[in-house]
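Report on the following structure.
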Amino acid sequence: MKQEQLQKWLSQKTKQSFSLEKNHLGLSNDTYICRTEHETYFIRTPRFNHELLDVRFQDEKQILDLVKELDVPLVYFDIHLGIKITRQIPDAMTYQMCKLPEKAQKVGSILKKLHQTKSVDFYFDPFKKLSSYRMKVTSFFIQFPKEEKIVEAVKKLYTPNTLCHNDVVDGNLLFTNNHLYLIDYEYASMNDFRFDLASFLSENNIKDKKERDSFFEGYGISDPQLKQEVLLFECFEDILWGYWAMMLYESSKQEIYKTIAKEKEAHYQKILSQAIPD
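With the first letter of the sequence shown counted as 1, position 102 gets the number 102 in the numbering used here; the numbers rise by one all the way through.
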């Protein structure tokens with residue numbers, strides 16, 4: 001949503017005076033900082049090509065009602081327009097910004113809490129999404145060797161019985177000195193818990209063994225076989241989000257999506273031999 005449109009929409013919702021400033025956080029949404037006399041808020045609005053993502057705002061609202069203890073404070077959510085307003089968390093740091101030595105362990109712990117939340121009746125279905133993304137791409141500029149082997153291996157393991165976040169990127173983890181917030185549940189739905197574990201490790205490019213082990217410890221995992229399965233899911237998610245990025249690059253021509261696609265390809269190539277030894 002353009003800033004002038006949001007300005008008009010807000011003016012119809014409140015009599016308070018406010019200022020509105022666009023920032024550059026997020027990929028599939030536009031985000032704004034809204035300041036009133038006493039409060040500061042973040043406002044998320046969908047971008048023009050948001051329909052390509054196949055998400056439902058009414059589903060997101062159902063999730064938000066379940067994760068209040070994990071998320072930042074929600075002020076307003078419009079299930080028709082997808083406009084979400086949350087309170088700003090002062091001095092919040094993303095995962096990469098945070099210097100706490102136990103930060104990976106904290107992420108494992110908060111994902112465990114999410115995964116123990118009650119179930120919902122809608123599913124992420126990454127294989128359906130992968131097929132949809134592939135079909136929308138006409139110009140392929142990255143490659144994933146052994147792609148089908150990885151996909152089939154994950155299919156054999158796949159058990160979608162857990163409420164998952166599905167997008168555990170750096171910017172969706174907000175740290176303060178004494179708290180961690182897991183934010184942005186746009187993709188949240190039932191999925192395999194290993195998808196979230198792989199999402200965190202892949203999206204944040206975590207290769208250091210101590211950091212990975214700290215994360216697994218926070219979640220409560222010590223089984224080497226399970227860690228190996230998460231590695232397979234990492235490869236699968238590189239494939240999934242690689243095609244997603246190519247699809248959005250074709251529709252928007254924004255270089256950021258081309259960069260993401262290349263990053264997914266590079267990460268995949270680095271870990272493939274560990275996931276499926278020759």
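For glycine and all other residues, C-beta sits at the position ideal for the given N, C-alpha and C.
Between the alpha carbons of residue 84 and residue 187, how many angstroms are there, rounded? 14 Å
From residue 240 to residue 133, what distance separates their C-alpha atoms? 8 Å
Just reading off the beta strand (DSSP E) that residue 78 is part of, what are its end residues? 74 to 78
Counted within 10 angstroms of its Cβ, other Cβ atoms place residue 56 as buried (16 or more) or exposed: exposed
Is the beta carbon of residue 200 less than 8 Å from the beta carbon of residue 154? no
Alpha carbon to alpha carbon, how far is residue 262 from residue 32? 28 Å
Which of the three DSSP states, helix, strand or coil, is assigned to residue 195? helix
Cβ-based neighbour list, residue 117, same chain, cut-off 6 Å, excluding 5 preceding and 5 following: 66 and 163
Looking at the strands, I want to know which residues DSSP matches up with residue 248. Answer is none; residue 248 lacks a bridge partner.
Start-to-end residues for the beta strand (DSSP E) that takes in residue 41: 40 to 46
In chain order, what residues of the same chain have a beta carbon less than 7 Å from the beta carbon of residue 7, not counting five sequence neighbours either side? 20
Apart from the five residues on each side of it in sequence, which residues of its chain come closer than 8 Å, Cβ to Cβ, to residue 130? 151, 239, 240 and 243
Distance CB(residue 94)-CB(residue 171) smaller than 8 Å: yes
Can you give me the Cβ contacts of residue 47 inside the same chain, cut-off strictly under 7 Å, excluding the 5 residues immediately before and after it? 28, 29 and 30
For residue 192 and residue 18, what's the separation of their Cα atoms in angstroms? 42 Å
Is residue 183 closer than 8 Å to residue 75 when the C-beta atoms are compared? no
Leaving aside the five residues before and after residue 123 along the sequence, list all residues of the same chain whose C-beta is less than 6 Å from its C-beta, in chain order. 160, 189 and 190
What is the DSSP secondary structure of residue 36, reduced to helix, strand or coil? coil
Nearest neighbour of residue 125, chosen from 220, 236, 207 and 36 [CA to CA]: 236
Where residue 212 and residue 100 are concerned, what is the direct C-alpha to C-alpha distance, given to the nearest angstrom? 15 Å
Could you check where the alpha helix (DSSP H) with residue 19 kicks off and where it finishes? Run containing residue 19: none in the alpha helix (DSSP H); it sits in the beta strand (DSSP E), 19 to 23.
From the DSSP output, which residues share a beta bridge with residue 29? 46
Residue nearest to residue 36 in terms of C-alpha spacing, selected from 23, 254 and 15: 15
Relative to the C-alpha of residue 227, which residue among 247, 198 and 208 is closest? 198
Inter-residue spacing [alpha-carbon to alpha-carbon] between residue 69 and residue 181: 9 Å
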